[in-house]
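Enquirer:
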Amino acid sequence: MQLSKQLFTGLVTAGAVLLVGAHNASAQLNPSSSQPRTDMVDLSSWQSNLGASDYQKLHDAGVKAVAIKATEGTYYTSPVLQQQAQDAQDAGLAVNYYHFAHFTSVSSAKAEAQNFINAVQSVTSSKNMVMVVDFEASELANLSKSQNDADLAAFDSVLNDAGYNKTDLYTMASWIGNRIDTNASNKGWLAQWPANPSGTEYPSANAWQWASDYRFNGESQNLDVSQLNNEFYVNGSANVAVHTSSSSSTPKTTLVKVPAPAPTTPSNYSAARSNSVTLVWRASMHRHAYWTLSGARYSKHLGIKYADMKNLPHTTWYTDAHEKLYRKASHNSAIYYHVRSGNGKHSGWIWRGYLHAGVNPKA
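The sequence shown runs -27 to -1, 1 to 336 under mature numbering (1 follows the signal peptide of the UniProt record, and there is no 0).
1) Return helix, strand or coil for residue 83, following the three-state DSSP convention.
2) Could you tell me whether the segment 129 to 146 touches the segment 43 to 50, using the rule of 3 or more Cβ pairs below 8 Å?
3) By the DSSP assignment, the alpha helix (DSSP H) with residue 132 in it spans what residues?
4) Take residue 270 as the anchor and find which of 310, 244, 260 and 245 has the nearest alpha-carbon.
5) In the DSSP output, which residue or residues are listed as bridge partners for residue 321?
6) For the beta strand (DSSP E) containing residue 278, name the first residue and the last one.
7) Can you look up residue 146 in the DSSP assignment and give me helix, strand or coil?
8) Mind reading off the beta-carbon distance from residue -27 to residue 180? Whole number of angstroms is fine, and I expect it under 8 Å.
9) Do you know how far the Cα of residue 287 is from the Cα of residue 335?
10) Beta-carbon within less than 8 Å of residue -6's beta-carbon, same chain only, minus the 5 sequence neighbours each way: which residues are those?
11) On a CA-only basis, which of 202, 96, 302 and 120 is nearest residue 56? Give me that one, please.
12) What residues in its chain sit with their C-beta under 6 Å from that of residue 143, if we drop five residues either side in the sequence?
13) Just verifying my parser: in three-state terms, what is the DSSP assignment at residue 100?
14) Express the C-alpha separation of residue 27 and residue 67 in angstroms, rounding to a whole number.
15) By a C-beta neighbour count over all protein chains shown, 10 Å radius and 16 as the cutoff for buried, is residue 296 buried or exposed?
16) Determine, using beta carbons only, whether residue 15 and residue 40 come nearer to each other than 9 Å.
17) Contact between the segment 109 to 123 and the segment 57 to 77 is defined here as three or more beta-carbon pairs at a separation below 8 Å; is this criterion met?
18) Tell me the DSSP secondary structure of residue 112 in three-state form.
19) With a 10 Å radius around its C-beta and 16 neighbouring C-beta atoms as the bar for buried, classify residue 280 as buried or exposed.
20) Residue 101: buried (16+ other C-beta within 10 angstroms of its C-beta) or exposed?
21) Since residue 4 and residue 171 are thought to touch, with beta carbons under 8 Å apart, how far apart are those beta carbons, to the nearest angstrom?
22) How should residue 316 be labelled, buried or exposed, when 16 other C-beta atoms within 10 angstroms of its C-beta is the threshold for buried?
23) Expressed to the nearest angstrom, what Euclidean distance is found between the alpha-carbon atoms of residue 188 and residue 6?
24) Does DSSP classify residue 196 as helix, strand or coil?
25) Might you give, ordered along the chain, the residues of its own chain that have their beta carbon closer than 8 Å to the beta carbon of residue 265, omitting 5 neighbours on each side?
26) Given a threshold of 16 other Cβ atoms within 10 Å of its Cβ, counted over all protein chains shown, does residue 276 qualify as buried or as exposed?
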């Protein structure tokens, strides 16, 4: 998942560092016959620069399904959810959705589940897909396994009551049995990234995410890839819903097309700006406080400008990731930090030269 897909490669808890895998941040895996299959790719706004042709390339390379980030907490819905669902659907990929969890109680789990439902229902009326909980946020490591299990059960109960009966749990393999449990309803989509992935891992789980830096032929962006152990993520279609006709007891199948957004790209998207840089590496980083009134927040490859920093003058920003971009025109590189406001409502990438260390003195 996206490391906002937060501190996933290194998470500090109870005095120990839990590592998902052994990849260097700048590593890149290219297609090889010795590797596990690339059955599924997961997406978030970090992949907002992918277009319809990219999804078709994924399909042609053997990808069967995608899992798209819809929501996070109770405050965030992906601004590119509709477009990503549309492009994946048009390419013939099975479409599933995930929610990045922050819930620490039964009540907050139920509230987050409703946010998830609202977002998915905004793009499709189908309920024949997998609805996944992305369970990796650092605050969840401080709770007991029994509390996490109860919260997850409450989250799923809201989904089930709304008619979503295919659920799953995404988390790092080292957390299973220690921080959270799998069960018959959530067999697991487990992440563990070996330096030289091969074979099959966690065969009793639905899926194994084995890399976060896989680059398909003809693509310029590293992607998260997973090998599926069964048909759970591909035997549903996000396009089709079954309705019962009032004049007959025979089920009638109706195509539910995800509506295309208008315009098809954000009005503040700049292809020229996005194409002016090349990603060198991207990785998670420790949480540090900064403030600034300069610069602006962008999507990870600078294609979308979110907002000027001066519009939130009293805000303290906290880092969770960083990246190095090579600037083609000037033949040099710059480091960008991914920052999030203290209340979690605003985020984006900003050149680190604009940031001042410490809590905003006007906050």
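Note that beta-carbon positions come from the ideal geometry of N, C-alpha and C, so glycine has one too. Only a predicted model underlies this, so the values are computations on that prediction, with no experimental measurement involved.
Expert: Walking through what the data contain:
1) Working through the sequence shown from its first residue, we reach residue 83 at position 110. When secondary structure is reduced to three states using DSSP, residue 83 falls in the helix class.
2) no
3) Taking the first residue of the sequence shown as position 1, residue 132 is located at position 159. Residue 132: member of the alpha helix (DSSP H) spanning 118 to 134, first to last residue.
4) As a first step, residue 270 is located in the sequence shown; it is residue number 297 there, counting from the start. The closest CA to that of residue 270, considering only 310, 244, 260 and 245, is found on 310.
5) Sequence index remark: in the sequence shown, residue 321 carries index 348 (1-based). DSSP, once it has assigned bridges, lists 312 as partnering residue 321.
6) By one-based count along the sequence shown, residue 278 stands at place 305. Looking at the DSSP string, the run of the beta strand (DSSP E) that includes residue 278 is 278 to 281.
7) For this step, residue 146 is matched to residue 173 along the sequence shown. Residue 146 falls in the helix class under three-state DSSP.
8) Within the sequence shown, numbered from 1, the residue matching residue -27 stands at position 1. Within the sequence shown, numbered from 1, the residue matching residue 180 stands at position 207. With a Cβ gap of about 12 Å, residue -27 and residue 180 do not count as contacting.
9) The residue you call residue 335 lines up with position 362 of the sequence shown. The residue you call residue 287 lines up with position 314 of the sequence shown. Taking the straight line from one Cα to the other gives about 5 Å.
10) Here residue -6 is taken as the residue at index 22 of the sequence shown, counted from 1. Residue placement at residue -6 cannot be trusted, given a pLDDT of 37 that sits under 50; what the coordinates show is reported in the next sentence. Cβ within range, chain order: 166, 167 and 168.
11) Position 83 of the sequence shown, counting from 1, holds the residue named residue 56. Cα-wise, what sits closest to residue 56 is 96.
12) The residue given as residue 143 occupies position 170 in the sequence shown. Hits under 6 Å: 105, 107 and 162.
13) Reading the sequence shown from its first residue, position 127 is the one you call residue 100. Secondary structure of residue 100 (DSSP, three-state): coil.
14) The residue you call residue 67 lines up with position 94 of the sequence shown. The residue you call residue 27 lines up with position 54 of the sequence shown. Rounded to whole angstroms, the separation of the alpha carbons of residue 27 and residue 67 is 15 Å.
15) Here residue 296 refers to the residue found at position 323 when the sequence shown is read from its first residue. Answer is buried; the Cβ neighbour count reaches 16.
16) If you number the sequence shown from 1, residue 15 lands on position 42. If you number the sequence shown from 1, residue 40 lands on position 67. Their beta carbons are under 9 Å apart, which means residue 15 touches residue 40 by this criterion.
17) yes
18) Position 139 of the sequence shown, counted from the first residue, corresponds to residue 112. Residue 112: helix per DSSP, three-state reduction.
19) On the sequence shown, position 307 is the one that residue 280 refers to. That one is exposed.
20) Here residue 101 refers to the residue found at position 128 when the sequence shown is read from its first residue. Counting Cβ neighbours within 10 Å, residue 101 comes out buried, since at least 16 surround it.
21) The residue labelled residue 4 in the question sits at position 31 within the sequence shown. The residue labelled residue 171 in the question sits at position 198 within the sequence shown. The pair is not a contact, with the Cβ atoms about 13 Å apart (cut-off 8 Å).
22) Locating residue 316 in the sequence shown gives position 343, counting from the first residue. The residue in question, residue 316, is exposed, as its Cβ has fewer than 16 Cβ neighbours within 10 Å.
23) Within the sequence shown, numbered from 1, the residue matching residue 188 stands at position 215. Within the sequence shown, numbered from 1, the residue matching residue 6 stands at position 33. Answer to the nearest angstrom: the Cα atoms are 14 Å apart.
24) By one-based count along the sequence shown, residue 196 stands at place 223. Looking at residue 196 - three-state DSSP - the assignment turns out to be strand.
25) As a first step, residue 265 is located in the sequence shown; it is residue number 292 there, counting from the start. Contacts found: 282, 290, 323, 327, 328 and 329.
26) Your numbering for residue 276 matches position 303 in the sequence shown. Answer is buried; the Cβ neighbour count reaches 16.
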